[in-house]
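Student: Quick mapping for you: the protein sequence lines, in order, are chains A and B.
With positions in the first sequence counted from 1, the corresponding number in the working numbering is that position plus 1.
With positions in the second sequence counted from 1, the corresponding number in the working numbering is that position plus 47.
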Amino acid sequence: MAAPEPEALDTARSRAKDKSPWNWLLFIPIVVPLIPAFFNADSPRLFGFPRFYWLQLVWILLGVGTTTLVYQMTKKKRGEH
Amino acid sequence: MWRDHLTEIIVFTLLFLLVSAMGFVAARWRRPQDMAHLDEWGLGGRSFGGWITWFLVGGDLYTAYTFVAVPALIFGAGAAGFFAVPYTIVIYPLVFLVLCRLWSVSHRHGFVTPADFVRNRFGSPILALLVAITGIVATMPYIALQLVGIEAVLKTMGVTGDSALARHLPIIIAFAILAAYTYQSGLRAPALIAFVKDSLIYVVILVAVVYLPYKLGGWGSIFDAADAKFQGTANNPNDGILLNANNQLQYVTLAFGSALALFLYPHSITGVLASRNRDVIKRNMSALPAYSLLLGLIALLGYMAIAANVKPLPGAKEGSVDGNTVVPLLFDQQFPDWFAGVAYAAIGIGALVPAAIMSIAAANLFTRNIYKEYLKRDATPAQEANVSKITSLVVKVGAVACIVFLDPQFSIDLQLIGGVIILQTLPAVALGLYTRWFHRGALIAGWVAGMGLGMWMLYQIGNPATGKKHFAGSAFPLSEFGFDTKKTIYVGIVAVLVNLVVAALGTLVLRAAKVADGPDGTTPDDYFADEGDPRVSTSADSADSAREPVA
């Protein structure tokens with residue numbers, strides 16, 4: 002299986018995309034939800050939810066926002082899809 | 048008495064039959080040219096796009112366990128049970144890049160299982176065998192856990208009996224049907240059924256989180272009722288609607304450890320490898336947290352059950368209670384019969400999708416890494432598919448046996464033990480995607496150390512409340528290590544850290560002693576390949592080329 006030239010270029014380009022500095026943002030939604038000091042309290046309540054519950058549900062948005070941002074910033078610009 | 052639940056039983060049965068029919072029809076859906084190939088039967092042709100993958104992986108990760116056991120945990124212990132939420136938040140950013148690498152290298156070499164990858168990457172059939180066996184053993188209790196979900200529903204509907212056989216007959220029938228259509232349609236069956244399952248679950252939960260608080264006096268009073276209940280239980284200092292100083296470490300390590308473990312499970316990897324390209328995976332990492340929101344809301348059903356004064360049904364043993372019945376009972380008590388039937392069907396079908404995928408994944412492991420490796424090296428793709436189909440039947444029989452002979456009360460604990468076990472494949476599978484530094488012998492030593500320690504720690508954990516002396520949970524008291532503290536920590540994290548240390552030290556020793564290492568069958572480029580890349584295998588040639596390292 003010898004690799005033809007154009008393909009080597011392709012993979013080199015996708016590797017460059019994989020190494021994007023945007024990827025470092027992914028650490029935020031990994032670390033933040035694992036710090037109980039942020040959410041382990043009752044007040045303030047929101048719609049009757051203690052902070053423990055509503056804030057951890059808000060972290061879901063943090064996760065979605067970060068992964069979406071990283072995906073958009075690192076996806077291939079050739080854009081055939 | 049089942050007669051009081053007739054409407055529920057009828058709705059449940061109708062939906063169950065509809066889904067069963069879909070399972071059989073699925074063989075014709077996105078019809079392959081040649082079904083007698085493991086890529087088709089076991090990975091759905093590796094062709095699923097964004098939506099199908101979302102439903103499939105969502106239905107695969109958020110199982111009947113979600114619906115039944117997490118609220119049961121919240122009902123019993125409070126805040127500690129909410130770990131499922133941070134767990135399913137950190138998982139996606141954690142594996143965002145890792146899974147893409149796994150997808151790429153698997154497609155280029157035609158890998159079907161994580162053990163396939165390990166065999167090629169580290170040139171070690173023994174390490175691959177360990178990974179395969181770990182996967183199969185960890186998956187078995189997980190499948191059993193799905194049955195617990197169905198059983199809780201059946202129990203609530205009064206479908207039960209005096210003898211063990213009569214009590215389990217409905218589950219045996221349900222699993223026989225599941226086994227039949229999985230045998231015929233492979234991964235296409237759960238993929239198609241997942242649409243129905245997830246739609247039902249979303250409807251049921253959205254209705255539940257709007258309608259139930261309205262009936263129970265609002266969210267504020269639901270939390271207050273839970274708080275009052277936990278204040279009244281003086282004998283259990285670790286429950287409550289907030290964490291205390293002693294269980295925070297357990298909460299965080301359990302969430303993180305479970306997240307590390309999730310995508311090491313063979314069934315999660317099966318779902319990922321079935322997707323069409325890297326983009327599908329990345330988009331899903333952003334979209335799958337929709338299920339986490341659902342999970343958080345489902346978890347809170349446990350508090351609603353407290354506020355609604357639900358009393359769980361008796362368990363298998365005299366004097367025990369079956370906490371898993373709280374959500375079905377809550378639905379039975381609060382919803383009109385027909386809607387409770389829909390909710391039960393959602394739980395029941397919710398058990399079938401992951402059970403099907405898990406049995407497929409376990410069967411693929413057996414076929415690729417035991418049968419083909421040790422029993423019949425020259426197996427054709429058709430023979431592989433056939434062996435996998437038969438193994439998937441055997442796996443389901445094993446899961447049913449698990450449930451008939453074990454107390455369902457321990458379902459979560461069983462699954463947590465599975466999590467500790469599967470975590471021990473982390474250095475070889477997950478780190479192996481990034482580095483070839485580890486020596487194969489050291490990885491084996493690390494696995495042995497991690498497994499040994501993990502099992503010992505689990506053995507030490509008892510639960511005074513239930514009188515269980517061993518394997519009663521995954522929260523290990525740090526005082527056992529000689530620390531002067533009441534804090535507890537998740538067993539899996541400790542075990543995998545020791546595993547890593549042993550693997551690293553072992554690598555240094557083996558390298559210094561110049562012990563021969565295995566060849567690496569992959570190249571750095573393999574980890575970035577994408578759909579359309581000329582060297583990404585098509586399903587026609589992949590299974591056979593997989594064994595040959597690409598030069």
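We put the CB at the ideal spot given by N, CA and C, even for glycine.
1) Can you list, in chain order, the stretches of the beta strand (DSSP E) that have 3 or more residues and sit fully within the stretch 490 to 542 of chain B?
2) Considering only C-alpha positions, which residue in the set B:173, B:317 and B:373 is nearest to residue 356 of chain B?
3) Can you tell me the Cβ-Cβ gap for residue 317 of chain B and residue 234 of chain B, rounded? I've got them flagged as a contact below 8 Å.
4) Can you tell me the Cα-Cα spacing of residue 94 of chain B and residue 76 of chain B, whole angstroms?
5) What does a CB cutoff of less than 6 Å around residue 443 of chain B pick up in its chain, not counting 5 residues either side in sequence?
6) Tell me which residues share the same chain as residue 260 of chain B and place their Cβ nearer than 7 Å to its Cβ, disregarding the 5 neighbours each side in the sequence.
7) What is the rounded straight-line gap between the Cα of residue 314 of chain B and the Cα of residue 469 of chain B?
8) Find the nearest neighbour of residue 492 of chain B within the set B:249, B:556, B:377 and B:264, judged by alpha-carbon distance.
9) So, residue 575 of chain B versus residue 71 of chain A, is the Cβ gap smaller than 8 Å?
10) Quick check: is the beta carbon of residue 58 of chain A nearer than 8 Å to any beta carbon in chain B?
11) Just to confirm my understanding: we take residue 403 of chain B, look at its own chain, exclude 5 residues before and 5 after, and list those with CB closer than 7 Å. What are they?
12) Mind pulling the chain A residues with CB within less than 7 Å of residue 299 of chain B?
13) With which residues is residue 50 of chain A paired in a DSSP beta bridge?
14) Please state whether the Cβ-Cβ distance between residue 290 of chain B and residue 536 of chain B is less than 8 Å.
15) Report the neighbours of residue 30 of chain A on chain B: residues whose CB is nearer than 7 Å to its CB, in chain order.
16) Could you say which of A:60, A:26, A:76 and A:67 lies nearest to residue 39 of chain A if we only look at CA atoms?
17) Mind listing, in chain order, the continuous beta strand (DSSP E) runs of no fewer than 3 residues lying wholly within the stretch 209 to 290 of chain B?
18) What separation, rounded to the nearest whole angstrom, lies between the Cα atoms of residue 69 of chain A and residue 29 of chain A?
19) Could you name each continuous alpha helix (DSSP H) segment of 4 residues or more that falls completely within the stretch 380 to 439 of chain B, going from the start of the chain to the end?
20) Please report the straight-line C-alpha distance between residue 135 of chain B and residue 568 of chain B, rounded to a whole angstrom.
21) Decide yes or no for the touch test of the stretch 548 to 567 of chain B against the stretch 116 to 135 of chain B: beta carbon pairs closer than 8 Å, at least 3 of them.
22) To the nearest angstrom, how far is it from the Cα of residue 385 of chain B to the Cα of residue 503 of chain B?
23) Determine the direct distance from the alpha carbon of residue 380 of chain B to that of residue 300 of chain B, and round the result to whole angstroms.
24) Take residue 436 of chain B as the anchor and find which of B:84, B:162 and B:173 has the nearest alpha-carbon.
25) Report yes or no: is there a C-beta of chain B within less than 8 Å of the C-beta of residue 82 of chain A?
26) Just how far apart, CA to CA, sit residue 543 of chain B and residue 471 of chain B?
27) Note down, in chain order, each residue of its chain lying with its Cβ closer than 8 Å to the Cβ of residue 187 of chain B, except the 5 sequence neighbours on either side.
28) Is it a yes or a no for the stretch 392 to 402 of chain B touching the stretch 237 to 257 of chain B, going by three-plus beta-carbon pairs under 8 Å?
29) Would you kindly work out how many angstroms separate the C-alpha atoms of residue 487 of chain B and residue 86 of chain B, rounded to a whole number?
30) Are the stretch 331 to 349 of chain B and the stretch 102 to 110 of chain B touching, with three or more C-beta to C-beta distances below 8 Å?
31) Quick one: which chain B residues come within Cβ less than 8 Å of residue 51 of chain A?
32) Can you look up residue 357 of chain B in the DSSP assignment and give me helix, strand or coil?
Tutor: Based on what the coordinates show:
1) 522 to 524 and 535 to 537
2) B:373
3) 7 Å
4) 12 Å
5) 222, 226 and 406
6) 266 and 269
7) 12 Å
8) B:556
9) By the CB criterion at 8 Å, residue 575 of chain B and residue 71 of chain A fall outside the cutoff.
10) yes
11) So the list reads 225, 229, 236 and 237, once near-sequence residues are dropped.
12) 35 and 37
13) A:47
14) no
15) 136, 137 and 140
16) A:60
17) none
18) 13 Å
19) Within the stretch 380 to 439 of chain B, the complete alpha helix (DSSP H) segments at least 4 residues long are 384 to 413, listed from N- to C-terminus.
20) 33 Å
21) Contact fails: fewer than three Cβ-Cβ distances are below 8 Å.
22) 48 Å
23) Using only the alpha carbons, I get a separation of about 36 Å.
24) B:84
25) Legend: pLDDT at residue 82 of chain A = 44, less than 50; position of this residue unreliable, no value from coordinates given.
26) Taking the straight line joining both Cα atoms gives about 6 Å.
27) 409, 442, 445, 446, 449 and 465
28) yes
29) 28 Å
30) Enough Cβ pairs lie closer than 8 Å, so yes.
31) Within chain B, the residues near residue 51 of chain A are 270, 288 and 289.
32) coil
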